[in-house]
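Its first residue numbered 3, the sequence shown is counted upward by one per residue in this note's numbering.
Just so you know, even glycine gets a beta-carbon here, dropped at the ideal spot from N, CA and C.
Quick notes on the structure that follows.
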Amino acid sequence: MPETTVAFLGLGQMGLPMALNLQRKGFSVTGWNRTPEKGQPLVEAGGRLAGTPREAVRGADFIVTMLGDPAAVRQVALGTDGFLAACRSGAVWIDASTIGPSAAREMAEAAARARVEYLDAPVLGSVKPATDGTLTFLVGGNPEALTRARPVLDAMGQSVHHFGAAGQGAAAKIVANMLTGTLVAALGEALALADGLGLERDAIVRMLMEGPAGAPIVRMKAPLMQSGDFPPAFQLRWMEKDLGLALLEAHRLGTALPAAAAAHGAYAAARAAGLGDQDFAAIAAFTRSVARGPAGPERA
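Printed below as a string of structure tokens:
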């Protein structure tokens with residue numbers, strides 16, 4: 003029985019471990035990345051690297067994209083040397099990028115013209131789940147295409163949720179990240195207020211993690227905020243982008259999202275202050291740097 007072939011486009015912080023899991027679990031993976039050296043671990047694991055997106059997808063049964071934003075997906079799919087022109091008829095494109103529902107529906111239409119099945123399948127989870135193969139996929143698109151794609155998704159993740167037609171997986175992802183980003187920004191403000199009030203940092207972090215606000219993301223990010231060290235599991239600039247996508251869709255719908263808008267502004271300011279490549283929990287460091295309130299003990 004011939005090997006199932008997968009083209010994986012985007013071998014960054016998330017894409018590389020996802021591609022490695024596919025290769026290790028028996029798929030024949032050809033990768034592509036704008037900076038080819040990032041794909042060397044895939045070659046060492048037995049995969050191949052292509053020089054262009056079109057070269058990567060030729061003959062592939064599945065194409066997986068994990069790219070930064072809608073513009074990057076459009077460019078790689080439809081721009082100069084765009085891969086859709088080289089896909090075989092009937093291939094399935096799994097777009098794991100977070101691009102929002104409007105862009106996902108646009109890509110689904112472009113894929114249909116190329117006789118390619120499109121699934122928007124952004125993920126919940128950051129670098130460790132990507133490495134461990136425990137991501138959650140939020141999928142929109144044709145159920146039959148999803149059935150075909152399940153072995154590929156299962157090699158990279160632990161669960162798959164199908165939300166309906168093309169664009170609905172992307173919609174679910176921006177809802178999830180809007181809540182996550184807003185909650186973490188609020189956590190940073192809570193700690194800034196606690197500092198100003200002179201509350202002992204270890205005690206307040208323990209209380210927040212054990213109390214009713216101790217959601218998993220709070221328990222995950224509060225220790226980073228406490229330590230002041232923010233190794234990037236999910237970079238702050240990507241959270242700014244995702245909140246921007248949520249606000250764009252809300253504007254299109256005529257829906258007001260005042261808390262998300264305020265959080266987006268805070269992330270944008272933090273990125274402008276040089277924190278964009280740190281974990282998005284670094285919003286707390288930015289908040290502390292601009293906080294004004296009752297004087298309390300100096301904090302790190």
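Residue i versus residue j - alpha carbon distance
i: residue 155; j: residue 139; result: 8 Å
i: residue 33; j: residue 243; result: 25 Å
i: residue 90; j: residue 142; result: 21 Å
i: residue 196; j: residue 202; result: 8 Å
i: residue 123; j: residue 199; result: 44 Å
i: residue 51; j: residue 181; result: 37 Å
i: residue 236; j: residue 47; result: 25 Å
i: residue 259; j: residue 245; result: 10 Å
i: residue 247; j: residue 73; result: 12 Å
i: residue 134; j: residue 253; result: 37 Å
i: residue 214; j: residue 286; result: 20 Å
i: residue 42; j: residue 212; result: 43 Å
i: residue 24; j: residue 31; result: 7 Å
i: residue 164; j: residue 107; result: 15 Å
i: residue 256; j: residue 149; result: 35 Å
i: residue 166; j: residue 111; result: 16 Å
i: residue 185; j: residue 19; result: 27 Å
i: residue 229; j: residue 131; result: 22 Å
i: residue 121; j: residue 104; result: 14 Å
i: residue 44; j: residue 206; result: 43 Å
i: residue 232; j: residue 251; result: 30 Å
i: residue 26; j: residue 39; result: 20 Å
i: residue 29; j: residue 153; result: 10 Å
i: residue 239; j: residue 275; result: 11 Å
i: residue 296; j: residue 204; result: Unreliable placement is indicated for residue 296, whose pLDDT of 44 sits below 50; no coordinate value is reported for it.
i: residue 96; j: residue 55; result: 15 Å
Reference residue i, options the options, closest by Cα
i: residue 188; options: 170, 210, 201, 143; result: 210
i: residue 93; options: 178, 113, 285; result: 113
i: residue 16; options: 98, 218, 8, 50; result: 98
i: residue 117; options: 141, 123, 88, 27; result: 88
i: residue 179; options: 63, 49, 61, 102; result: 102
i: residue 100; options: 69, 231, 11, 250; result: 69
i: residue 2; options: 232, 84, 241; result: Lying before the first or after the last residue shown, residue 2 is absent from the chain, which here runs from 3 to 302.
i: residue 61; options: 26, 44, 10; result: 10
i: residue 64; options: 37, 26, 86; result: 86
i: residue 125; options: 144, 159, 289; result: 159
i: residue 234; options: 151, 280, 36, 288; result: 280
i: residue 1; options: 96, 81, 82, 175; result: An answer regarding residue 1 cannot be provided, because it is not within the stretch 3 to 302 covered by the chain.
Residues bridged to residue i (per DSSP)
i: residue 120; result: 95
i: residue 140; result: 163
i: residue 219; result: DSSP output for residue 219 lists no bridge partner at all.
i: residue 285; result: Answer by DSSP bridge pairing: none, since residue 285 is not bridged.
i: residue 81; result: The partner list for residue 81 (beta bridge, DSSP) is empty, contrary to what the question assumes.
i: residue 75; result: None, per the DSSP bridge assignment.
i: residue 240; result: Looking at the DSSP assignment, residue 240 forms no beta bridge with any residue, so it has no partner.
i: residue 229; result: Partner(s): none; residue 229 has no beta bridge.
i: residue 30; result: 7
Supposed close pair residue i, residue j - CB separation, criterion 8 Å
i: residue 223; j: residue 262; result: Going by Cβ atoms, the distance from residue 223 to residue 262 rounds to 17 Å, so no, they are not a contact pair.
i: residue 183; j: residue 241; result: 5 Å
i: residue 21; j: residue 49; result: 7 Å
i: residue 147; j: residue 119; result: 4 Å
i: residue 66; j: residue 8; result: 6 Å
i: residue 193; j: residue 227; result: 6 Å
Any non-hydrogen atom of the ligand PLP closer than 6 Å to residue i Cβ
i: residue 9; result: Ligands displayed in this structure: none; no statement on the ligand PLP is therefore possible.
Query raised in the report: Taking one C-beta from the stretch 161-171 and one from the stretch 264-273 each time, how about it: are there three or more such pairs within less than 8 Å?
Result: Taking a contact to require three or more Cβ pairs closer than 8 Å, the stretch 161-171 and the stretch 264-273 do not qualify as touching.
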